[in-house]
Each structure stands twice: as C-alpha cells, then as structure tokens.
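In our numbering, the protein residues as written are 264 to 736. In what follows, a structure is listed as structure tokens, so that the remarks can point back to it.
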C-alpha cells in the first residue's frame, strides 16, 4: 500500500502591500497525524512580484462643469496592460486609458484609477481632484479712439512661473490671438466703427481658469484725410501764393512749406523769396485727436526777370535817343513801354524815344511760360536854353554863397572853367551841378569883381557858352 497524505485549504485571502518574499507559518491537525496532539507546523513561502504602477495627470480646467482631463501616466514596466478602470465619486466608471469628467460643484473628488495586466497583477492609485471657483479677470485698455491707432490691453491676471497662464483675446473685429508670455497685448483697429467689444479669458496649466470678461472700446473715429490747394497762377519768386483747404473740424494744421513750418489754418498767403523746387507737406488732426496721413504737393518757383531800362538820358529838343534796356535771365518775353506816343515802337526791348519834354518811360515785361513779370523805368530829359546867372554873393550870410547854374543838371557831361582877369584858371569841374564854385581859389576867397567862364556843354551840338560872372562880397 502507498503512503497516506492529506490536503488542506487556508480559509483566508492574503493581500500583500509590497513586492517581496513572505514566509507564512501555518499549523494543521488531523487524526492520522502521528503526533501527540495530532498537529504539525510548516512554513508557506509566498513570492510577491512588483506589479504595474498606476498613475495619471489632471489637466484642463478644474472649474465646475468644465471638462477635466484625466490622462494616463502609468508605468507598466514589463507588464502587458489589458484593461483600465476609472471609478468616480458619483459611482460612474470609465474603462479607457484616458478619461474626461465634469464635476458639478466646487469641492474635492477622489478618483480611483486601476490598470490590469494579463497575468492578473493590478496597478491602483487614487488622487484628489480639486474643483475650485473661477478667477475673475478684468481688462484695462488705453489708446486713441481712431482708426489705425494702436490700443494696448492689459489683463488683471499676471504672469506666473509656478502655474503659467495662457491669455486668450478676441478683439471684436474678427481678429483673435493667444499669448503665453505676457498679460499685455496691442491691437490696431484699421477701420472706424461705433463700438468694439473685446472678449478675454485666461486658462492655467493646472487649476481653474477665468470666466470670459468683456471690455468695450468706444466709438472708433475715422481718420481725416489731409488735402489742400495752392493757387498756382503766379509761381514766381517774391509773389505770394494762396493756400486753401476744404477740410472742416480740424484742430491742428501741421505744414511743412518747403522753406519753413507753420500751424496756420488756411486760407493764408505764403511767399517764396527764392526760386527753386519746394515740397509741401500737410498733416492734420481733427477735433477727436485723430491724425491723417501726410498730403503732398510740389512747387517749382521761377525766378523773377531782372529788368534794367538803362540810365537816364539827356537829349536836345527835336532829337532821338536809344533806350537800350536789358533783362536777365534771357527768355521769350513780351514787352510793353508806356507812354508810347513818342516811341517808334513800344513792344520790343530796345527802341528810339523822341520826347519834346522831360518824359519817364515805363517798361513792363512778362514771361508767357512762367507768367513772371518785371518792370523798370528810365527818364529822358529834353535840354532847353541854358540860363547862366551873372552874379553871386559869397559873403557868409547864407544866401547865394555859391554860383549855381540849375540848367546844367541837364548836361551831366558839361565842363565849367573859371578864369580871373589875368587869365589864370581858378576853377574847373565836370560835375558842376553838384560841385558849384564858391568864389575861392586854393582855399582863399577871391576879391570882388568879374570872372570869365567857359562852359563846354558836351552835347550833341558841341555847344560852348562863355561870359562873365560877378562875385560880390
């Protein structure tokens, strides 16, 4: 016969918290055990292997009724994971590697996550999901309420390195942006509008974000368009030009006139003293403070012609004289001399004059291309019979101290020579009208008496006048 044996069952489930080798002492009894008390002792050796490590991260918004992201972050090691199980406090479960869940109210929620290997080993972890109240974000905005002006918006949620925020902006004109580096953003509204509503929210790497907040940008005014006109009928140096504009509601005029700046509102006159090319630029601001782009216009200022009608002329009655005028710069000018009655022609630059009396002739010329004009005048004096006074009184009483011959004004080339009764030359000059004889010779007053004079008129007739003059004192 064979050896008898017994089979025993341990009526207890054993759970081991950690991997390792466990020795479990046991005792068992039977009537056929050859012992005094029919009992034997033994040791059961249990080897517990390390199982897979369950883990997950919590992401998304942790605000009430927002979707919380529960992402599997387990370390399965060498185990083949075949099943996942999520257990939520509301008794619902999910069996996916990653789960999403909404929690209705503020509070703490224990979420259990288990992973199951094909050999029966299980990874198990429980974490607390904190559902908090959303933060309140506010917006401050600064900027000029004008199209093309830059607005700066600042969120009340500051930057953070421990729980970095993400700022979401909707500017109300179809443009949005997401920023992760700063709570300040700039935006330009390119068109005018009644109002613009800015929407803003902030989320965090972890935790509850903010509700969406709003900021209203008031009326966006259109920018004015700068424009002006210049009356360009006389683009000549020294001639004033009229500047005008049809703009209304302008608070600031900023002119660069090409030869200076001005804030003068139009209409006004401006003069360019020098010929040349000038670029005119105007920028304006309206009563809302909105500015314009610059408006431009170019001017070419032409030089005025320099006219010289020539020196004054002296002629004998019944003779003619050439009026030899000149002009610079040369161009195809039109000419007009007035009065024309004693001229042989009055529409050319140089012509003949035959006046009977002293006459001043005026020359007006015009450049038909630039419309720049110039003018000058010349006087033709008609010489008449020369009257020679026969006495003067150089006695110091202030009357008739010099021998004046007014008629010699008509003969600027005349030479006057004076002799004493011995034929000695006492005085001679070619400019007698401005330098008359005062009765002296070499600084000494000559005695009372008659003195001989010879006057060469040096006119066209080469006339010579002689006679005597009495010096009385």
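Even glycine gets a Cβ: it sits at the ideal position worked out from N, Cα and C.
CB-CB length for residue i against residue j, believed under 8 Å
| i | j | result |
| --- | --- | --- |
| residue 628 | residue 564 | Not really, about 19 Å apart at Cβ, beyond 8 Å. |
| residue 678 | residue 722 | Incorrect: roughly 12 Å between the Cβ atoms, too far for contact. |
| residue 568 | residue 595 | Not a contact, Cβ separation roughly 11 Å. |
| residue 696 | residue 672 | 5 Å |
| residue 308 | residue 282 | That belief does not hold up - the Cβ atoms of residue 308 and residue 282 are roughly 14 Å apart, past 8 Å. |
| residue 374 | residue 333 | 7 Å |
| residue 575 | residue 639 | Incorrect: roughly 12 Å between the Cβ atoms, too far for contact. |
| residue 366 | residue 327 | 7 Å |
| residue 335 | residue 360 | 4 Å |
| residue 622 | residue 643 | 5 Å |
| residue 403 | residue 389 | So it is not a contact: roughly 43 Å between Cβ atoms. |
| residue 554 | residue 546 | 6 Å |
Residue i - containing beta strand (DSSP E), residue span
| i | result |
| --- | --- |
| residue 433 | 428 to 433 |
| residue 364 | 362 to 365 |
| residue 392 | 385 to 394 |
| residue 598 | 597 to 601 |
| residue 439 | 439 to 442 |
| residue 286 | 283 to 292 |
| residue 516 | 513 to 519 |
| residue 643 | 636 to 646 |
| residue 466 | 459 to 467 |
| residue 322 | 319 to 323 |
| residue 307 | 302 to 311 |
| residue 533 | 531 to 534 |
| residue 616 | 613 to 616 |
| residue 672 | Careful: residue 672 lies outside any beta strand (DSSP E) and carries neither H nor E. |
| residue 650 | Counting along the chain, residue 650 falls outside any beta strand (DSSP E), and DSSP gives it neither H nor E. |
| residue 477 | 476 to 480 |
| residue 625 | 622 to 629 |
| residue 696 | Element bounds for residue 696: n/a, residue is neither H nor E. |
Cβ-based neighbour list, residue i, same chain, cut-off 8 Å, excluding 5 preceding and 5 following
| i | result |
| --- | --- |
| residue 653 | 730, 731, 732 and 733 |
| residue 529 | 491, 506, 507, 508 and 516 |
| residue 503 | 532, 533 and 534 |
| residue 422 | 428, 444, 445 and 446 |
| residue 724 | 579 |
| residue 405 | 414 and 415 |
| residue 709 | 683, 689, 702, 703 and 734 |
| residue 315 | 337, 338, 339, 340, 342, 344, 378, 380, 384, 385 and 386 |
| residue 481 | 408 and 458 |
| residue 590 | 568, 569, 570, 571, 596, 612, 628 and 637 |
Spatial neighbours of residue i in its chain, beta-carbon cut-off 7 Å, leaving aside the 5 residues before and after
| i | result |
| --- | --- |
| residue 573 | 586, 587, 588 and 641 |
| residue 470 | 325, 395 and 426 |
| residue 288 | 304 and 306 |
| residue 453 | 410 and 411 |
| residue 393 | 325 and 371 |
| residue 549 | 487, 512, 513 and 514 |
| residue 538 | 500, 564, 565 and 566 |
| residue 285 | 279, 309 and 311 |
| residue 264 | Note that residue 264 has pLDDT 48, beneath the 50 cutoff, so the model's placement of it is unreliable and no number is given. |
| residue 648 | none |
| residue 276 | none |
Cutoff 6 Å; reference residue i; Cβ partners in own chain excluding five residues on either side
| i | result |
| --- | --- |
| residue 346 | 379 |
| residue 519 | 544 |
| residue 525 | 518 |
| residue 465 | 400, 420, 428, 430, 472 and 473 |
| residue 456 | 483 |
| residue 625 | 601 and 640 |
| residue 323 | 330, 331 and 332 |
Bridge partner(s) assigned by DSSP for residue i
| i | result |
| --- | --- |
| residue 580 | DSSP output for residue 580 lists no bridge partner at all. |
| residue 560 | 543 |
| residue 710 | The partner list for residue 710 (beta bridge, DSSP) is empty, contrary to what the question assumes. |
| residue 499 | 565 |
| residue 552 | Looking at the DSSP assignment, residue 552 forms no beta bridge with any residue, so it has no partner. |
| residue 380 | 344 |
| residue 522 | Residue 522 is not bridged to any residue. |
| residue 425 | For residue 425, which the question treats as bridged, DSSP gives no partner whatsoever. |
| residue 691 | 680 |
| residue 505 | 532 |
| residue 332 | 322 and 363 |
| residue 484 | 409 |
| residue 338 | 316 |
Neighbour flag for residue i against chain D, beta carbons, 8 Å
| i | result |
| --- | --- |
| residue 479 | The displayed structure is made up of one protein chain only, and chain D is not part of it. |
**Prompt:** Is there contact between the stretch 657 to 665 and the stretch 690 to 702, where contact requires at least three CB pairs shorter than 8 Å?
**Reply:** Verdict: yes, contact present.
* Asked: Is the stretch 427 to 440 in contact with the stretch 458 to 467, if contact means three or more CB pairs nearer than 8 Å?
  -> Three or more pairs of CB atoms, one per stretch, sit closer than 8 Å, so the stretch 427 to 440 contacts the stretch 458 to 467.
- Item | Contact between the stretch 475 to 482 and the stretch 507 to 516 (3+ Cβ pairs under 8 Å) | Not touching, per the Cβ criterion.
| query | Does the count of Cβ pairs from the stretch 601 to 617 and the stretch 576 to 584 closer than 8 Å reach three? | reply | Short answer: they touch.
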